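Down below is the structure, laid out as structure tokens.
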Amino acid sequence: MSDNWIEFFSLDADEREAAQLIYAQVQWLLDREIIAHSERPDEFHGTYREGPRSVDAFDAASIPDSIGASGEQMLFGGVRVEHGWQVSHNIDGFEGPPCPVCGSWMAIDVAGDALRRWYMSRVEPEVNCASCGQADLLGNWPHKFAGYANYASLSFVNSWPLAPHFERELLERIGRRPGVVCVRL
Ligand SMILES: [Zn+2]
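Okay, structure coming up:
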């Protein structure tokens, strides 16, 4: 199975705010016992592993009974925090986002070019819909298989699908302009 992760970030936090915001979520996850400090931290899986109540974060229907019952298999690989100016994007199967007004898909090369400009300039670009003319900042075209620049992110690595209520709560905690992408390596 290929590696994958779900990555959360803020679209408008500056470098200092972003790190504070993401580490505040780490503390929240530790307090809720969704995660715990890992005894074997690594660069890919991160420095946190599943906690005693990690099952609270997942969509129970997606977890095979055998895993919950045996308790032998991990529910996810780890939680990784990254900070510093970066792009969070799907790698295998990157897609342009759909227009928030008419739903027309942005071409992959247009989305990729806008993302490159964002990363190089650190200024979020405005993009236009080729169908209806809608013009808005790229971050206001949300799509889980696209990509966005940010100063810090938190990823659940190789995890089961997160419960919708848990994902909503985490996004709300990240502030006015939260972002999330699903990455398949
Ligand atoms: Zn449109």
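Numbering-wise, this note's numbering comes out as the position in the sequence shown, counting from 1, plus 1261.
Glycine is no exception: its CB is placed at the ideal position from the N, C-alpha and C atoms.
Because the structure is a prediction, the values reported are computed rather than measured.
Exercise. With C-beta atoms as the reference, is tyrosine 1409 less than 8 Å away from glycine 1400?
Worked result: Here residue 1409 refers to the residue found at position 148 when the sequence shown is read from its first residue. Here residue 1400 refers to the residue found at position 139 when the sequence shown is read from its first residue. In this structure, glycine 1400 lies closer than 8 Å to tyrosine 1409 by Cβ.
For this session: Consult DSSP for asparagine 1351 and reduce its assignment to one of helix, strand or coil.
Result: The count along the sequence shown starts at 1 and reaches residue 1351 at position 90. Asparagine 1351 falls in the coil class under three-state DSSP.
Exercise. Helix, strand or coil: how does DSSP classify proline 1414 here?
Worked result: On the sequence shown, position 153 is the one that residue 1414 refers to. Note on identity: in this sequence residue 1414 is serine, with proline being the wrong assignment. Serine 1414: strand per DSSP, three-state reduction.
For this session: Could you tell me if the beta carbon of glutamine 1347 falls within a distance shorter than 7 Å of some heavy atom in ligand 1?
Result: The count along the sequence shown starts at 1 and reaches residue 1347 at position 86. Glutamine 1347: no, Cβ never under 7 Å from ligand 1.
Problem set entry | Per DSSP, the bridge partner or partners of leucine 1398 | As a first step, residue 1398 is located in the sequence shown; it is residue number 137 there, counting from the start. DSSP output for leucine 1398 lists Glu1387 as bridge partner(s).
Exercise. Is lysine 1405 closer than 8 Å to cysteine 1360 when the C-beta atoms are compared?
Worked result: Here residue 1360 refers to the residue found at position 99 of the sequence shown. Here residue 1405 refers to the residue found at position 144 of the sequence shown. In this structure, cysteine 1360 keeps its C-beta atom at 8 Å or more from the C-beta atom of lysine 1405.
Problem set entry | Which of helix, strand or coil DSSP assigns to isoleucine 1369 | As a working note, residue 1369 is residue 108 in the sequence shown. If DSSP states are grouped into helix, strand and coil, isoleucine 1369 belongs with the helices.
Exercise. Is it true that the CB of phenylalanine 1270 sits closer than 8 Å to the CB of serine 1414?
Worked result: Locating residue 1414 in the sequence shown gives position 153, where the first residue counts as 1. Locating residue 1270 in the sequence shown gives position 9, where the first residue counts as 1. Yes, Cβ-Cβ distance for serine 1414 and phenylalanine 1270 is below 8 Å.
Problem set entry | methionine 1381, buried or exposed, once every other Cβ within 10 Å from all chains shown has been counted against 16 | For the purposes of this step, residue 1381 is taken as the residue at position 120 of the sequence shown. Taking all protein chains shown into account, methionine 1381 has fewer than 16 neighbouring C-beta atoms within 10 Å of its C-beta and is therefore exposed.
For this session: Check whether the stretch 1302-1319 touches the stretch 1362-1378, counting contact only when three or more Cβ pairs, one atom from each stretch, lie closer than 8 Å.
Result: Contact between the stretch 1302-1319 and the stretch 1362-1378 is absent: fewer than 3 CB-CB pairs across the two stretches fall below 8 Å.
Problem set entry | Check: valine 1362 C-beta below 7 Å from any heavy atom of ligand 1 | Residue numbering aside, residue 1362 sits at position 101 when the sequence shown is read from its first letter. At least one heavy atom of ligand 1 is found less than 7 Å from the C-beta of valine 1362.
Problem set entry | Neighbourhood of asparagine 1351 by C-beta distance below 8 Å, restricted to the same chain and skipping five residues each side | Here residue 1351 refers to the residue found at position 90 of the sequence shown. If we look at asparagine 1351 and ignore the five residues flanking it on each side, its Cβ neighbours are Lys1405, Phe1406, Ala1407, Gly1408, Val1442, Cys1443, Val1444, Arg1445.
Exercise. Looking at the structure shown, is histidine 1298 part of a helix, part of a strand, or coil, going by DSSP?
Worked result: Position 37 of the sequence shown, counted from the start, is the residue given in the question as residue 1298. Of the three classes helix, strand and coil, the one that applies to histidine 1298 here is strand, per DSSP.
Problem set entry | Rounded separation between proline 1439 and glutamate 1278 - CA only | What you label residue 1439 is simply residue 178 of the sequence shown in a count that begins at 1. What you label residue 1278 is simply residue 17 of the sequence shown in a count that begins at 1. When rounded, the separation of the alpha-carbon atoms in proline 1439 and glutamate 1278 is 13 Å.
Problem set entry | Distance between histidine 1344 and tyrosine 1284 (C-alpha atoms, nearest Å) | Within the sequence shown, the letter at position 23 stands for residue 1284. Within the sequence shown, the letter at position 83 stands for residue 1344. Straight-line Cα distance between these residues: approximately 10 Å.
Problem set entry | Range covered by the beta strand (DSSP E) that runs through arginine 1429 | Indexing the sequence shown from 1 puts residue 1429 at position 168. Unbroken run through arginine 1429 is the alpha helix (DSSP H), 1425-1434; no beta strand (DSSP E).
For this session: Report all residues from its chain with a CB closer than 7 Å to the CB of aspartate 1273; omit the five preceding and five following residues, and keep chain order.
Result: Within the sequence shown, residue 1273 is the residue found at index 12, counting from 1. Arg1437, Arg1438, listed in sequence order.
For this session: May I ask you to check if the CB of glutamine 1395 is nearer than 7 Å to at least one heavy atom of ligand 1?
Result: Taking the first residue of the sequence shown as position 1, residue 1395 is located at position 134. Distances from the CB of glutamine 1395 to the heavy atoms of ligand 1 include at least one below 7 Å.
Exercise. What residues match up with asparagine 1265 in a beta bridge as DSSP calls it?
Worked result: Stepping through the sequence shown from its first residue, residue 1265 is reached at position 4. Looking at the DSSP assignment, asparagine 1265 forms a beta bridge with Arg1445.
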